[in-house]
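Colleague: Protein chains in written order, with the numbering used here: chain A, 2 to 367; chain B, 2 to 367; chain C, 2 to 367; chain D, 2 to 367. Idealized CB from N, CA, C, for every residue including glycine.
1. Quick one: which chain A residues come within Cβ less than 9 Å of residue 22 of chain C?
2. Does any C-beta atom of chain A lie closer than 8 Å to the C-beta of residue 294 of chain D?
3. Smallest Cα separation from residue 246 of chain A: which of B:86, B:200, B:348 and B:45?
4. Could you compute how far the alpha carbon of residue 136 of chain A sits from the alpha carbon of residue 103 of chain A?
5. I'd like to know if residue 357 of chain D contacts chain B, where contact means its C-beta is closer than 8 Å to some C-beta of that chain.
6. To the nearest angstrom, how far is it from the Cα of residue 357 of chain C to the Cα of residue 206 of chain B?
7. Does any C-beta atom of chain B lie closer than 8 Å to the C-beta of residue 340 of chain D?
8. How would you write the range of the beta strand (DSSP E) that residue 224 of chain D sits in, first residue to last?
9. Put residue 174 of chain A into one of helix, strand or coil per three-state DSSP.
10. Could you work out which residue in B:68, B:231, B:346 and B:31 is closest to residue 52 of chain B when comparing CA atoms only?
11. Please list, in chain order, all residues of the same chain as residue 179 of chain A whose beta carbon is under 6 Å from its beta carbon, the five residues on each side excluded.
12. Check whether the Cβ of residue 124 of chain D lies closer than 8 Å to any Cβ atom in chain B.
13. Would residue 200 of chain D be called buried (16 or more neighbouring beta carbons within 10 Å of its own) or exposed?
14. I need the boundaries of the beta strand (DSSP E) containing residue 237 of chain B, first residue and last residue.
15. Between residue 352 of chain B and chain C, is there a C-beta pair that is closer than 8 Å?
16. Please report whether the beta-carbon of residue 283 of chain B lies at a distance below 8 Å from any beta-carbon of chain D.
17. Buried or exposed: which applies to residue 21 of chain C, given that a residue is buried once 16 or more other Cβ atoms fall within 10 Å of its Cβ?
18. Going along the segment 210-232 of chain C in order, which residues come within less than 7 Å of chain A, judged by CB to CB distance?
19. I'd like to check one pair, residue 237 of chain B with residue 161 of chain B: are the Cβ atoms closer than 8 Å?
20. What distance in whole Å lies between the Cβ atoms of residue 184 of chain A and residue 78 of chain A, which are believed to be in contact at a cut-off of 8 Å?
21. May I have the straight-line CA-CA distance separating residue 319 of chain C from residue 321 of chain D, to the nearest angstrom?
22. Ignore the nearest five residues each way along the sequence and tell me which others in residue 71 of chain B's own chain have a CB closer than 8 Å to its CB.
23. At which residues does the alpha helix (DSSP H) containing residue 91 of chain B begin and terminate?
24. What in chain B is Cβ-close to residue 344 of chain C, meaning under 9 Å?
25. Give the single residue among A:338, A:344 and A:119 whose Cα lies nearest to the Cα of residue 10 of chain A.
26. Which ranges would you report for the beta strand (DSSP E) in the segment 184-210 of chain C if only whole runs of at least 3 residues count?
27. Please report the Cβ distance between residue 114 of chain A and residue 7 of chain A, rounded to the nearest whole angstrom; I am assuming they are in contact, meaning their Cβ atoms lie under 8 Å.
28. Can you check which of these residues, C:301, C:312 and C:271, is closest to residue 76 of chain C by C-alpha distance?
29. Just verifying my parser: in three-state terms, what is the DSSP assignment at residue 78 of chain B?
30. Can you tell me whether DSSP reads residue 276 of chain B as helix, strand or coil?
31. Would you decide whether residue 311 of chain D is buried or exposed? Buried here means 16 or more other CB atoms lie within 10 Å of its CB.
32. Spatial neighbours of residue 93 of chain B within its chain, please: CB distance less than 7 Å, with the 5 preceding and 5 following residues excluded, ordered by chain position.
33. Let me see if you follow: with CB-CB separation under 8 Å, is residue 57 of chain A close to chain D or not?
34. Since residue 9 of chain A is in the beta strand (DSSP E), which residue starts that stretch and which ends it?
35. Given a threshold of 16 other Cβ atoms within 10 Å of its Cβ, counted over all protein chains shown, does residue 239 of chain C qualify as buried or as exposed?
36. Going by DSSP, name the residue or residues bridged to residue 35 of chain B.
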């Protein structure tokens, strides 16, 4: 008799195939689930393999569009970056994948979920926190030591899959124009070729292609995991890197300075939540709401070039910019009175002068 | 009879020459002061011009070493960056220049200081706040409208002086190793050539040269000025950009995660103070002290390459790293019990499950 | 011929009467405006005085209800408190008063506004910033030195107007129950007397009466003004103090811990904006929106007593509380596994142990 | 043969006596340790009981002075308060107690420590994190279910031990003067009686006595535990409450506004660390250092009265105050030019006016 049904996040690889077999041996019915979030994968082969290993049902789900719109776009709005460098590409996929897995578990009446993420990594945490948050009664089946030890035999995968080396990248840049509305890209145009994309998935895929061609978005870092260890991470985020720079530019151009400072602090918090696996948490929902609100006037076009691993901002325009060329000009006074600047400075100096006065008194005393 | 003595920050250019003449016409004795902070300048010519225009005394001061050690190094420690992009090269020079000017004013018995920074810019604020903070009784002489209007006739200076265009930069990278101690560079070595520098000024100059050769550190941004306007800024910070990346890497490698989060917040505040002209303020002194304290174990070597406008981190090593390869390995259990991770996750999920439970209750009610 | 029309914020007192006369002498038409925000005032007498001094038109506006609903309630939601002590009673009145003044100026075609707030105070700033924010072309007429010097002759007003001294307060407490919805009070009930109030103005007035009777909400502080000076302030905020405590209690009871931490930081920022006069600013609008969002589930009843200057929370209840008595009990295990706590602690200790290990190594080396 | 030696934090009560017996039955040698941190306790009786139950050694340690100086004083400097209300009296004791226990364990060659804190509480976490941080190889012995279930039979202890009910408190206040240096109290004087105390332990004990007599420092709250549950806490902190208010007053009086804002943020973080058990962590050491630095000029005397549960600040004086009565007076202009205030306001309004202009344009367009 079956111990119950497990929905297993299945990759088709060795680790999760071992888990599948082991779960069946332990007496569970196993449903496998494989999410397509844009990775290069032979989905048919994975399906056949799962069936041949005894999966009761096999789900292959195309989550690419919802991944871009519901998970990547809010991260772009937030300028989400962990420890000043990591654009959270892996982190942001996890809640998207686990959400669908939970939907399948509920729909199939499964009380268990399982996955192949290992015990010291962030992905285990991200996966399991999402599961508990969305399906509090769910049980996560323990992963087998043996299955995990298989890990040892893996050759490290080729490090970079999406990006060319900057040194091998083309010797002339591609120039792109990205149009934003409410802080998310609504169109990207290749300026010379005139080609453009305007659905979220197409935009993001095209930016991945362009960034990849020019070697954009590679990093080799040591990061701090949620569980308190430092670990080395090598990441490539070509499209995400282009969007990070373009969004930052149009945001600074259109958003009030003080709103942006507050939003910047919220973005740092958002990145930590995302990294640590708290996408589905009251605080992350709250922060996403606030950040989304801040983006209302983040609208306009950014021109940029990608070249030899780098993104260069060339210019920007917006109907909602607070940038007032006339006001800012040194040569036109307009209704700006230089005398006001002196007053502004003197009042700001009141505190500094008092501080000096007080220190002086003490210095003369002692 | 003289109205008193003015110490004028003099560049040798048209604007400040006009101010010099105007101040004399107004009845002041004028002492000119020109700081060498590493800019390309004909100091002798400036001296002669000042004398020929009637300066009572002429000071040409080489501040390069103290500029690097006392102002740039603390900014490197802070990872000081304004609005996520601007490395504050101009901002950090201002308090250094004004400090010496105030010393000269005190020593020469001058009650007045003057400068050529215009009325809508940040530099006026930075200059004057420093003066008031260090010499509360000083008076800043009003700058003449007419002198300022001369500005119009200026052709815009060649935009980039220090950096090559990335497109014209060499086709092969230079690889450098920078050694840090207490968060500041103590040595830079060109890995292939074996050449190295080890005084602050030599290190910084060499990084400027290397970065400049490879087109590192150019930005074209719209920024928010202290006075509330947005304005466009085009900056090049070759050496500062290399140091920013190298320091960030060694810091993340050696500093505890939670200390770094607090330090990161202090660094954001530091950057705002610096941008707004508050280097000499109680809060900036306090923050510099705290940041300096955080750097005690930021020590080690970073290898990096500079190429086509970009800095690539290649690796790092440190005697003080918290990075523990054995602990972090997926394959070695050591004293890390996978069961602990489950407990950690479940406790972190308590709050999320309660939240879900509560929302569920409400959803079922309404 | 008239120089134009000025809308003067007129109190009926000596200062603003002098300004009225002086403005007329300077050649302006003067419209006086007096806001009723709940202060004790003879509005009829003020009207007659303004007319007798030559005001062209006299506005007496009852703003009490909108003051409570649109300005005090958001401050209650924010737990707005400046420098940990001051509940911002004066600050929050200023944008409410100035908003109506600007409406009158626009409606009457006046290009000028004026007020009696003095040059070193916060109120001048709050008033003028609101005016510029809502009517950018408006001009603030300069206040006369002479009028201001009249100030000298004032006897200091009786310090406390709203509250009894705690020592003279009744020897037995009054017990109140306040009901909140979305973070604002919707009903207050006197538990013993059964009396209750349920409109914003009635609730706030009643809490002022109850708090005043028991000497609640007096403070004598030194605060930091926006212009950088420290100054002594003596304030009484009886109703506001009761609401601060009651709201804090129901908020902590119903809001997720992490949401509350973020909201707490926003509340500190909100208090600074309010104190400095930035109610009508993009950042304050943004923060009010976020705080309002955080209050969605802040709902329930708080029982409290007021006695001898103090507010004591007696209990609370809520349909939306995250407080789960069963879960929290030490004696019932439920689905809480003590083993999880050990895992949670051990993972949290990973970082601390590594830190100790590293320090130990260094200690042994050096 | 013994399994090894356990140092047990022993209270003399039923729970830890059961643990003692159980540990012996399990085959451990047990050393009991009881810290005197000022609680009312029959230490002799506890010693005898431990011996009679088979403890191999019994340590009774008077930690009162170090508790006040090394743990309470830094918390006073930090204005440490959790979730705006809880003064962390219990939290701050834990690292002090556990530190000595670890010293004993090392000195006695014990590899194990044990305690009676239960599985859902914060105290378990605080205790164990301290142990792991100071003695990474230590093992915490599992607490027995059975021992814990004994808990049920406990009658709840009398809620308030240190404070009188405010209603029963004296009808006239006591007036105290507290003198601070570097942010910690160095002397307390009863103004009428002339009595004074000047060692840390005496000062704190006397303030506990005075506060207790007047019913100061009782709270009944729901708080958020580290493990994510909300729980009700009833606390009394008489001396700590007096110090919190007095320190806040002298700090605001003597500290620069902007330094204080940064310090306030650090204090909030410190309180969370303390609550969660991270006293011995790199981040808490860092923050304590920074806060201590901020207190350099927090010096002077505060007069206050305690009465019916409340602390009233009556006045303050300091040789280091930034409060400048002359500067702040409305009536003396000194070198404060009212025109500067206008300039200050207008520059601050630049951003607000631009914002309004932009919104107006959009409103007219759409």
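Modeller: Reading it off the structure:
1. Neighbours of residue 22 of chain C on chain A: none; closest Cβ ~28 Å, over 9 Å.
2. No, its Cβ sits nowhere closer than 8 Å to a Cβ of chain A.
3. Measuring from the Cα of residue 246 of chain A, the nearest candidate turns out to be B:86.
4. Each residue's CA atom was taken as its position, placing residue 136 of chain A and residue 103 of chain A some 7 Å apart.
5. Output row for residue 357 of chain D: interface = no.
6. Rounded to whole angstroms, residue 357 of chain C to residue 206 of chain B spans 39 Å at the Cα level.
7. Closer than 8 Å: no.
8. Unbroken beta strand (DSSP E) run through residue 224 of chain D: 219-225.
9. In the structure shown, residue 174 of chain A sits in coil (DSSP, three-state: anything other than H, G, I, E or B).
10. Considering only B:68, B:231, B:346 and B:31, the residue with the shortest C-alpha distance to residue 52 of chain B is B:31.
11. Hits under 6 Å: 186, 189, 247 and 303.
12. So, not an interface residue.
13. Looking at its Cβ environment, which holds fewer than 16 other Cβ atoms inside 10 Å, residue 200 of chain D is exposed.
14. Segment 231-237, the beta strand (DSSP E) holding residue 237 of chain B.
15. Answer yes: the Cβ-Cβ gap between residue 352 of chain B and chain C drops below 8 Å somewhere.
16. True, the Cβ-Cβ gap to chain D drops below 8 Å.
17. The residue in question, residue 21 of chain C, is buried, as its Cβ has 16 or more Cβ neighbours within 10 Å.
18. Correct list: 228, 229 and 230.
19. Taking 8 Å as the Cβ cut-off, residue 161 of chain B and residue 237 of chain B qualify as a contacting pair.
20. Going by Cβ atoms, the distance from residue 78 of chain A to residue 184 of chain A rounds to 4 Å, so yes, they are a contact pair.
21. If you draw a straight line from the Cα of residue 319 of chain C to the Cα of residue 321 of chain D, it is about 48 Å long.
22. These residues qualify, in order along the chain: 97.
23. Element bounds for residue 91 of chain B: 90-109.
24. Within chain B, the residues 338, 340, 341, 342, 343, 344, 345, 346, 347 and 348 have their CB atoms less than 9 Å from the CB of residue 344 of chain C, given in chain order.
25. Relative to residue 10 of chain A, the option among A:338, A:344 and A:119 whose CA is nearest is A:119.
26. Here the runs fully enclosed are 185-191.
27. The C-beta distance from residue 114 of chain A to residue 7 of chain A rounds to 7 Å, short enough to meet the 8 Å contact threshold.
28. The shortest Cα separation from residue 76 of chain C among C:301, C:312 and C:271 belongs to C:271.
29. Helix, per DSSP.
30. Residue 276 of chain B falls in the helix class under three-state DSSP.
31. Flag for residue 311 of chain D reads buried.
32. A distance below 7 Å between beta-carbons, with the five flanking residues on each side excluded, links residue 93 of chain B to the following residues of its chain, in chain order: 72, 73, 76 and 275.
33. It does not; no Cβ of chain D falls within 8 Å.
34. For residue 9 of chain A, the enclosing beta strand (DSSP E) stretches over residues 6-10.
35. With 16 or more other Cβ atoms within 10 Å, it is buried.
36. DSSP, once it has assigned bridges, lists B:61 as partnering residue 35 of chain B.
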